[in-house]
Amino acid sequence: MRRNSRLIKVLAMIFVGVGLTLAGCGTKKAEQTALHPVYGVADLETLVKSHPKYSEYFRLETEYSHLVEKYKNEQQRIIRVASQQSKIRASVQDQSDRLAAENELKIRVKTKEDELNRKIQDLYSELSGKYKEKGVFSVDNLTAEERARMANLQMKLTVLGVRGDEKEQIKKELHELLSSRAFQGGYPMNGWLPEDVEKMNSAREKGSAELEKYADKQAAEIKADLDKKRAETMKTIGAEGILAAPEEFNAEWKDIMEAKQKEIAALKEKMMEDIRREAGRVASEKHLTMIFTQYRANISAEDVTGDIAGKIIAMGKQEDK
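Mapping the sequence shown onto the UniProt record's numbering, position 189 (from 1) lands on 189, and the numbers just tick up by one.
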């Protein structure tokens, strides 16, 4: 189901993006009555599943999933072998270095956060001095737990090199953590002029963005230091060390999986071309200006899912002859 959903989303973006904008064909437009809809609507998921190549797409996606599973199993096997050898000490050292680096990142970010807080507090003091009623400024720093979580996420993103959906999820969580918690304290601004309120809000937003950018930069620097330490460790255990294997192993599997992904992408594009072509024919026959993939509010549209699906199925039968 998840694989189907991913294909539908990809195709839907193309389908809607192109819009299937097709001028109504025929020489007698005047014959179109006021009741005849100008627009059509079609269920893209149904169209995709009607395509004769859908079973092939499903097979390729299944093969890709099996490749991923095989890669993980083989990766675990290598780890088990490594754990039985004396060279595991290098891995232990690497883990120790990562923990030390994570603590270093927390310290650096905390220092920067305090610096930015002082700037925002100074601005508040300057602006509030113009008003009779002065408030007490306070800033909610990241808690120790939140700072630890931030450092852990940064290390995963930068040092461990996560990819794909996991990478995007980590980046999103990092952004939400910093933007929702950093510089969110209370600073009473009752009776302030709009421009002064805007200055304070702008300073807070810039502070959050600067802290996020700073954390990214520091994580990159720490990763460079860790890479240097790893290189030095590798020299001590010899070129034949098993810790050198993962790079070659990952590169080989990366090539295999990327080849499968390209095969899937090419098939997706072919299916989309066929769907757009058959949708265009239906639009031409029914004098539709556009076919949507979902209903639009306040727009009368004729459901042409069956018409398009029928043409796609017929197309498949013709190809089989």
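All residues carry an ideal CB built from backbone N, CA and C; glycine is no exception.
Residue from the options whose Cα sits closest to the Cα of residue i
i, options, result
"Glu273", "His66, Glu176, Ile312 and Phe249", "Ile312"
"Leu45", "Ile308, Gln318 and Arg230", "Residue identity check: residue 45 is Glu in the sequence provided, not Leu. Here the closest residue by C-alpha is Ile308."
"Thr305", "Arg118, Glu63 and Lys286", "Lys286"
"residue 323", "Ser300, Leu157, Ile299 and Asp97", "Absent from the structure is residue 323, since the part of the chain shown begins at 1 and ends at 321."
"Val109", "Thr143, Gly280, Asp165 and Glu198", "Thr143"
"Asp216", "Thr289, Leu116, His175 and Ala251", "His175"
"Tyr39", "Lys206, Gln95, Ile79 and Ile291", "Ile291"
"Glu263", "Leu47, Lys53 and Lys229", "Lys53"
"Val56", "Ala314, Ala265 and Gln294", "Correcting the residue type first, residue 56 is Glu in the shown sequence and not Val. Ranking Ala314, Ala265 and Gln294 by Cα distance to Glu56 puts Ala265 first."
"Lys206", "Arg149, Asn117, Gly280 and Leu267", "Asn117"
"Arg147", "Ile170, Tyr124, Asn103 and Lys119", "Asn103"
"Ile120", "Leu226, Ala314, Val197 and Thr289", "Val197"
"Asp227", "Gln76, Ala101 and Lys72", "Ala101"
"Glu252", "Tyr71, Lys106 and Ile170", "Tyr71"
"Leu60", "Glu74, Lys268 and Ile107", "Lys268"
"Lys112", "Ala314, His51 and Leu211", "Leu211"
"Ile79", "Arg276, Glu302, Asp303 and Asn250", "Asn250"
"Lys317", "His51, Leu47, Ser300 and Ile107", "His51"
"Ser125", "Leu288, Met189 and Glu232", "Met189"
"Glu63", "Glu115, Gln261 and Ser96", "Gln261"
"Ile107", "Met200, Gly164, Gln218 and Trp192", "Gln218"
"Ala314", "Arg230, Ser284, Glu278 and Thr289", "Glu278"
"Phe58", "Arg276, Met271 and Val282", "Met271"
"Ala203", "Gly280, Leu123 and Ile170", "Leu123"
"Leu105", "Asp303, Lys223, Ser300 and Gly310", "Lys223"
"Val48", "Ile275, Ile299 and Gly310", "Ile275"
Helix, strand or coil at residue i [DSSP, three-state]
i, result
"Ser138", "At Ser138, the pLDDT of 48 sits below 50, so the modelled position is not reliable; the number obtained from the coordinates is stated separately. DSSP places Ser138 in coil when its eight states are reduced to three."
"Gly40", "strand"
"Cys25", "Unreliable positioning characterises Cys25 in this predicted model, as indicated by a pLDDT of 38, which lies under 50. The coordinate reading is nonetheless provided below. In this structure, Cys25 counts as coil in the three-state DSSP scheme."
"Ala34", "The predicted model places Ala34 with a pLDDT of 48, which falls under 50 and marks its position as unreliable, so this point remains unresolved."
"Arg163", "coil"
"Trp192", "coil"
"Gly316", "helix"
"Tyr54", "helix"
"Tyr124", "helix"
"Tyr214", "helix"
"Tyr131", "coil"
"Phe15", "With a pLDDT of 49 at Phe15, under the threshold of 50, the predicted position of this residue should be treated as unreliable, and no value is reported."
"Leu243", "With a pLDDT of 45 at Leu243, under the threshold of 50, the modelled position of that residue is not reliable, and the figure given next carries that caveat. Leu243 falls in the helix class under three-state DSSP."
Limits of the alpha helix (DSSP H) - the one that residue i falls within
i, result
"Leu157", "Ala144 to Thr158"
Residue i: CB within 7 Å of a non-hydrogen atom of the ligand FAD
i, result
"Lys171", "Only the bare structure without any ligand can be found here, which leaves the ligand FAD out of the picture."
Short CB-CB distance (under 8 Å) between residue i and chain B
i, result
"Gly164", "Among the chains in the structure shown there is no chain B, since it carries only a single protein chain."
Exercise. Going along the chain, which unbroken runs of the beta strand (DSSP E) with 3 or more residues stay wholly within the segment 261 to 310?
Worked result: 290 to 292 and 301 to 303
For this session: Check whether the segment 59 to 78 touches the segment 252 to 262, taking contact to mean three or more Cβ pairs, one atom from each stretch, closer than 8 Å.
Result: yes
Exercise. Are the segment 118 to 129 and the segment 145 to 155 touching, with three or more C-beta to C-beta distances below 8 Å?
Worked result: no
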